[in-house]
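Numbering (the numbering used here), first residue to last: 202 to 494. Positions of the beta carbon are idealized from the N, C-alpha and C atoms, including for glycine. It should be emphasised that the depicted structure is a prediction, and the values quoted were computed from it without experimental measurement.
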């Protein structure tokens, strides 16, 4: 097991550096497409291919199957960017992401049962975490360490390799991300989110997965609290946002859930005045970006 962990750390580190250099060179020549974005003077995205490839090589079956389908479709999301479908009001990337989540549930159901749904939904909070340099890595590193500690404490070391590999590949990639020099992209945060969800399940089954899922959302909301405060006040006009609003943004923010809001609420905006519901974050939960002024 230790050889696999060390090998994964070395490979993830090496691939991260190589991919960052290649995508930067291509981006400077305008040949990287959506894999190089003009953020912080120019930043390669989808460097998360490094942890994705490493996880595919080192994870045992059947776990790598889930990572493979999600990672491949998430990479298509990265490549296509914000291009919209001409037939339905969503981006092609969102379509591929949704397909990946559905396939994770279908492929994972035989051995995860209903928990496969929650494993697929791990993508949502990790996607929000990745909007800020270092947040996704901080979430993965902290949660992986917690799972490893709890597995050892319980004497449940049969699947200790899974969270240990996740920790190794993230630590290998993380230094560049913390410096803001690269982005995970959907391929990186989605594939690692799936492995984190699997780690939660291997720790404590469906109940353990559910509890750790919520703990992870709270942790990400805490990590991003300053940025979320600014975003909620300035972009969504939610004054004096609460911890509940931060939680709900991590849990339900983003284009895919906004599409559900559009279907359910249409062009209406529900105004929340109850203090208790405000504290719970219902202003963010029911915020409808498609509401008419």
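According to DSSP, what are the bridge partners of residue i?
{"i": "residue 359", "result": "Answer by DSSP bridge pairing: none, since residue 359 is not bridged."}
{"i": "residue 245", "result": "237"}
Assign residue i to buried or exposed, taking buried as 16 or more other Cβ atoms, counted over all protein chains shown, within 10 Å of its Cβ.
{"i": "residue 358", "result": "exposed"}
{"i": "residue 501", "result": "The structure shown does not extend to residue 501, since the chain is modelled only from 202 through 494, so no value can be given for it."}
{"i": "residue 211", "result": "exposed"}
{"i": "residue 202", "result": "exposed"}
{"i": "residue 219", "result": "exposed"}
{"i": "residue 271", "result": "buried"}
{"i": "residue 390", "result": "buried"}
{"i": "residue 325", "result": "buried"}
{"i": "residue 177", "result": "Since the displayed the chain opens at 202 and closes at 494, residue 177 lies outside it and no answer follows."}
{"i": "residue 262", "result": "exposed"}
{"i": "residue 310", "result": "exposed"}
{"i": "residue 298", "result": "buried"}
Do you know whose CA, among the options, lies nearest residue i's CA?
{"i": "residue 500", "options": "331, 460, 310 and 345", "result": "Any property of residue 500 remains undetermined from this structure, which presents the chain solely from 202 to 494."}
{"i": "residue 385", "options": "271, 268, 230 and 332", "result": "332"}
{"i": "residue 280", "options": "311, 238, 268 and 405", "result": "238"}
{"i": "residue 519", "options": "243, 242 and 308", "result": "Residue 519 is absent from the structure shown; the chain starts at 202 and stops at 494."}
{"i": "residue 401", "options": "323, 383, 204 and 232", "result": "323"}
{"i": "residue 407", "options": "300, 301 and 312", "result": "312"}
{"i": "residue 443", "options": "485, 297, 231 and 226", "result": "485"}
Assuming residue i and residue j are in contact, meaning their beta carbons sit under 8 Å apart, how far apart are those beta carbons, in whole angstroms?
{"i": "residue 366", "j": "residue 256", "result": "7 Å"}
{"i": "residue 259", "j": "residue 294", "result": "Actually they are not in contact, since the Cβ atoms of residue 259 and residue 294 sit about 27 Å apart, beyond 8 Å."}
{"i": "residue 216", "j": "residue 251", "result": "4 Å"}
{"i": "residue 388", "j": "residue 253", "result": "5 Å"}
{"i": "residue 229", "j": "residue 243", "result": "7 Å"}
{"i": "residue 352", "j": "residue 404", "result": "6 Å"}
When you compare the segment 413 to 421 with the segment 393 to 403, are there three or more beta-carbon pairs, one atom per stretch, that lie closer than 8 Å?
Short answer: they touch.
Using 8 Å as the Cβ pair cut-off and three pairs as the minimum, do the segment 243 to 259 and the segment 274 to 283 touch?
Judged by Cβ distances under 8 Å, the segment 243 to 259 makes contact with the segment 274 to 283, as three or more pairs qualify.
Answer yes if the segment 425 to 441 comes into contact with the segment 461 to 477, meaning at least three C-beta pairs across the two stretches below 8 Å, and no otherwise.
Cβ pair count under 8 Å is below three, so no.
Would the segment 441 to 450 and the segment 474 to 490 be scored as touching if the rule is three or more Cβ pairs under 8 Å?
With a cut-off of 8 Å, the segment 474 to 490 and the segment 441 to 450 count as touching, because enough Cβ pairs lie within range.
When you compare the segment 400 to 413 with the segment 315 to 322, are there three or more beta-carbon pairs, one atom per stretch, that lie closer than 8 Å?
Taking one beta carbon from each stretch, the segment 400 to 413 and the segment 315 to 322 have 3 or more pairs nearer than 8 Å; the two touch.
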